[in-house]
Amino acid sequence: AMRLWVKPDQLAKLNITIPEIINAVNTQNAVNPAGTIGAEPVPPGQEYTYAVRAQGRLENVEDFGKIILRANPDGSIVRVSDVARMELGAQTYSQQGRLTGKPAVL
């Protein structure tokens, strides 16, 4: 999971809110259905239908940092990297795995 560690001083300086960041990340990294294979109307004897999903647009820390939060009247752009530190981490940190007393992958 991508984690964003916001910089409160930069948020205040640039007048950016957390909901604005959430909205920008959600809209600029949308995963939309790409369609269906074998959808109605189906030919006789066809047994399966498959939903096709496209991969999310953003794949790494640098991509998330480039998300545009705002374009200013002077032409400058405020990006996520201007107000946050990005880190690719675990989906959850509520579980820990150990094998013979040493950290292990669950």
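Just so you know, we're using this note's numbering here: the sequence shown kicks off at 229 and counts up by one. Each residue gets a CB set at the ideal place from its N, CA and C atoms; glycine is no exception.
Sequence-distant residues of the same chain with beta carbon closer than 7 Å to residue i, five excluded per side
i	result
Gly263	Val280
Gly317	Ala229, Arg231
Beta-carbon proximity of residue i to residue j, cut-off 8 Å
i	j	result
Ile295	Gln238	no
Sequence-distant residues of its chain with Cβ nearer than 6 Å to residue i (five each side left out)
i	result
Val306	Leu242, Leu297, Arg298
Inter-residue spacing [alpha-carbon to alpha-carbon] between residue i and residue j
i	j	result
Glu315	Ile250	16 Å
Pro301	Gly273	59 Å
Inter-residue CB distance, residue i and residue j (contact presumed, cutoff 8 Å)
i	j	result
Val311	Val234	6 Å
Pick from the options that is closest to residue i, judged by C-alpha positions
i	options	result
Arg313	Arg326, Gln324, Pro301, Asp291	Asp291
Ile244	Pro331, Asn288, Val308, Leu327	Val308
Beta-carbon proximity list for residue i, same chain, < 8 Å, skipping 5 on both sides
i	result
Val289	Met230, Met314, Glu315, Leu316
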